[in-house]
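Notes to accompany the following structure.
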Amino acid sequence: MRARLLLAATTLFVTACSQPTLEESEFMHRLSALCGKAFEGRIVSEDLQDDPWRAQRIVMHVRSCTKNEVRIPLHVGDDRSRIWVIHREGDRLALHHEHRHEDGSPDALTGYGGVRDDRFSGSRLNFPADEATKALFDASGIPQSKDNVWAVEVRPSHSLFAYELERPGRFFRVEFDTAKPVDPPPAPWGAN
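For the sequence shown, the working numbering assigns the number 52 to the initial residue and increments by one for each residue that follows.
Here is the structure:
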């Protein structure tokens, strides 16, 4: 009897730990409401190294959504190499970045990101670089990027989707007006 109670308690604990928080559920609900739509964005941060992006049209497309994963290709001008992937990893949501070449092959710098930290709400999640990402950045010769914290915001009441990157000495933020959908762009490079 005691063994059964212990097994039942353990099962309930593991199940409770693997369930999304209310805030994560709200975040995914807000994100899924944008599924199938595309939006034009603009860089609102002031770092001069982002000037080449400012000169391009920036469009994100919430292309595919499931209960546990949302894929958002990002187009910068004619460059269709980037996809933001928000997905469940263990008991938390994670953000990873996919980069592909025009022929669909993976870039050497792909798959980086992290799991959400404890500073989150139903409208904003923060994703510090995980250990695999830190190792990738070291191997790629960009150790300063190991301090990266990415954030995604979805605020329907403000018609806002935002993506952010922050680390010491670096801040990048692009905002998209979700009240003004645009025609979906072509599929990202390497998409099925």
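Built from N, CA and C at the ideal position, the CB exists for glycine as well.
In this text the structure is predicted, and so the values were computed from the model without any measurement.
Could you have a look at residue i and say whether DSSP puts it in helix, strand or coil?
i	result
residue 115	strand
residue 74	helix
residue 249	The question about residue 249 has no answer, for the chain in this structure spans 52 to 243.
residue 152	coil
residue 82	helix
residue 240	coil
residue 221	strand
residue 67	Any reading at residue 67 is ruled out, since the residue's pLDDT is 39, under 50, leaving its predicted position unreliable.
With DSSP as the reference, please indicate the residues paired to residue i in a beta bridge.
i	result
residue 98	DSSP lists no partner for residue 98.
residue 142	Looking at the DSSP assignment, residue 142 forms no beta bridge with any residue, so it has no partner.
residue 232	90
residue 213	204, 226
residue 130	127
residue 9	This structure does not reach residue 9, given that the chain is present from 52 up to 243, and the question cannot be answered.
Is the beta carbon of residue i sitting closer than 7 Å to the one on residue j?
i	j	result
residue 96	residue 188	no
residue 263	residue 180	Summary: the structure shown does not reach residue 263, with the chain confined to residues 52 through 243, and so no result is reported for it.
residue 81	residue 194	no
residue 136	residue 104	no
residue 108	residue 132	no
residue 145	residue 166	yes
residue 235	residue 134	no
residue 220	residue 155	no
residue 113	residue 86	yes
Does the structure place the region 140-147 close enough to the region 122-130 that three or more beta carbon pairs sit under 8 Å? The region 122-130 vs the region 140-147: no contact.
Mind listing, in chain order, the continuous beta strand (DSSP E) runs of no fewer than 3 residues lying wholly within the region 158-203? 163-166, 175-179
Can you find at least 3 beta carbon pairs, one from the region 212-223 and one from the region 154-171, that sit closer than 8 Å?
no
Tell me, please, whether the region 224-241 touches the region 87-102 by the rule of three or more beta-carbon pairs shorter than 8 Å.
yes
Three CB pairs or more closer than 8 Å across the region 69-87 and the region 163-174:
yes
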